[in-house]
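S.K.: Numbering-wise (our numbering), the sequence shown opens with residue 5 and increments by one.
Beta carbons are placed, not taken as given, at the ideal position from N, Cα and C, and that holds for glycine.
As the structure is a prediction and not an experimental result, all values here were calculated from the model.
Have a look at this one before I ask anything.
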Amino acid sequence: GVDLPAETLVDAYFMQMLKSKVTRGVLQAWDPVRQKPAWSYKHARTWNGGVLATAGNLVFQGTADHKFMAFDAKTGDVLWQYDSRLAIMAAPVTYRVDGEQYIAVLAKWGGGFPLAVGLPPIHGLEKGRLLVFKLNGDAQLPALPPKKTPMNKPLSMTMTDEGALKEGEALYEAYCGACHGKDGVSGGTVPDLRFRASQYPFEAFRIFVLDGVLAEKGMVSFSDVLDEEKAEKVYNYLLQKANLEYELQQQKSSFAMRLRLWIYDKLVSLIVLAVDGSVVFYLGAALFNLLVLWLLFRIYRRFRTK
């Protein structure tokens with residue numbers, strides 16, 4: 005492992021909260037005659053699913069925060085929603101068998117967005133499934149996976165030089181990040197190399213990256229652009245990220261860390277209000293929150309100096 009300052013831990017968690025709350029989506033119905041929106045619905049997360057509009061004036065859509073929803077096509081009112089327990093990107097389809105109508109949708113998050121921004125999935129690694137609905141259906145979904153994949157204590161780093169780690173980061177972003185995600189966070193679509201590197205020695209990492217033993221599964225050799233020294237720098241950069249995730253998970257239970265994370269959560273909420281253009285409406289609440297944050301910060305500073 006490696007010692008990490010608390011400032012680094014909190015900054016990393018602040019960025020996770022910011023990415024998950026600020027990046028959101030909107031379902032909007034457009035009136036082509038009046039050339040303006042007929043209605044809109046704000047989603048908690050971005051990268052939501054495609055839509056299906058039916059002759060019965062229903063609009064179906066799956067969401068990134070694990071919902072399958074039915075809207076009134078004319079008003080946008082939510083008529084029904086289902087806890088899909090998986091993010092949904094695909095558009096639903098409808099069909100009829102023996103006079104009975106079905107709605108089917110593929111459930112699984114993926115694509116480029118979670119990789120591009122380093123946004124982790126809500127419930128760890130998600131295995132996709134096909135969901136099919138009909139009136140009076142009685143099938144039950146399996147239990148939810150853990151909300152966050154636990155990080156075991158990572159192996160010791162073989163390089164700790166800041167320059168080597170910076171080069172490892174640049175090499176990762178150049179050759180690995182497009183498939184495995186920014187900052188080593190895969191978004192649940194492909195293997196998260198922070199978890200792989202934390203448990204495998206460099207010799208195993210080298211076999212995967214340079215020898216191409218997983219070429220048949222899509223992980224080709226990168227020996228044409230990486231030598232062993234560069235591969236080791238990438239490996240240690242991933243170990244650094246693994247240590248950061250491990251320390252975050254370990255320290256979240258402490259009072260000081262929970263207080264700081266709560267303060268950051270409030271700050272992120274204020275940023276979200278600003279992004280929404282709702283600051284005027286929530287001005288009173290925002291000023292109250294700032295006052296509370298200031299008082300808590302003073303208490304926290306006094307607590308730390310004792």
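Buried or exposed for residue 34, going by 16 or more other Cβ atoms inside 10 Å?
M.R.: exposed
S.K.: Would residue 74 be called buried (16 or more neighbouring beta carbons within 10 Å of its own) or exposed?
M.R.: buried
S.K.: Pick from 54, 29, 180 and 132: whose alpha carbon is nearest that of residue 213?
M.R.: 180
S.K.: Could you tell me the boundaries of the beta strand (DSSP E) in which residue 44 lies?
M.R.: 40 to 47
S.K.: Just verifying my parser: in three-state terms, what is the DSSP assignment at residue 244?
M.R.: helix
S.K.: Inspect the CB distances between the segment 250 to 262 and the segment 184 to 193 and report whether three or more fall short of 8 Å.
M.R.: No, the segment 250 to 262 does not touch the segment 184 to 193.
S.K.: Which one of 207, 171 and 191 has the shortest CA to CA distance from residue 244?
M.R.: 171
S.K.: Is the Cβ of residue 263 closer than 8 Å to any Cβ of chain B?
M.R.: This model lacks chain B altogether, as it is built from one protein chain only.
S.K.: Buried or exposed for residue 285, going by 16 or more other Cβ atoms inside 10 Å?
M.R.: Only weak support is given to the placement of residue 285: the predicted model assigns it a pLDDT of 48, under 50, and the question is left unresolved by the model.
S.K.: State the start and end residues of the unbroken alpha helix (DSSP H) segment that holds residue 29.
M.R.: Careful: residue 29 lies outside any alpha helix (DSSP H), inside the beta strand (DSSP E) at 29 to 35.
S.K.: Specify the secondary structure class of residue 179 as computed by DSSP and reduced to three states.
M.R.: helix
S.K.: With a threshold of 7 Å on Cβ separation, who are the neighbours of residue 76 within its own chain once the five nearest residues in sequence on each side are excluded?
M.R.: Cβ-Cβ distances below 7 Å link residue 76 to 61 and 83 in the same chain, with the five nearest sequence neighbours on each side left out; the list follows chain order.
S.K.: Just the C-alpha distance for residue 305 and residue 205, rounded to the nearest angstrom, thanks.
M.R.: Answer to the nearest angstrom: the Cα atoms are 41 Å apart.
S.K.: Tell me residue 66's beta-bridge partners as DSSP assigns them.
M.R.: 72
S.K.: So for residue 105, helix, strand or coil by DSSP?
M.R.: In the structure shown, residue 105 sits in a strand (DSSP, three-state: E or B).
S.K.: To the nearest angstrom, report how far apart residue 108 and residue 98 are at their CA atoms.
M.R.: 6 Å
S.K.: Should residue 240 go down as buried or exposed, given a rule of 16 or more other Cβ atoms within 10 Å for buried?
M.R.: buried
S.K.: Leaving out the 5 sequence neighbours to the left and right, which residues in its chain are closer than 7 Å to residue 120 when beta-carbon positions are compared?
M.R.: The residues 186, in chain order, have a CB closer than 7 Å to that of residue 120 in the same chain once the five nearest residues on each side in sequence are set aside.
S.K.: Give every residue of the same chain whose Cβ lies closer than 8 Å to the Cβ of residue 100, excluding the five residues on either side of it in the sequence, and list them in chain order.
M.R.: 106
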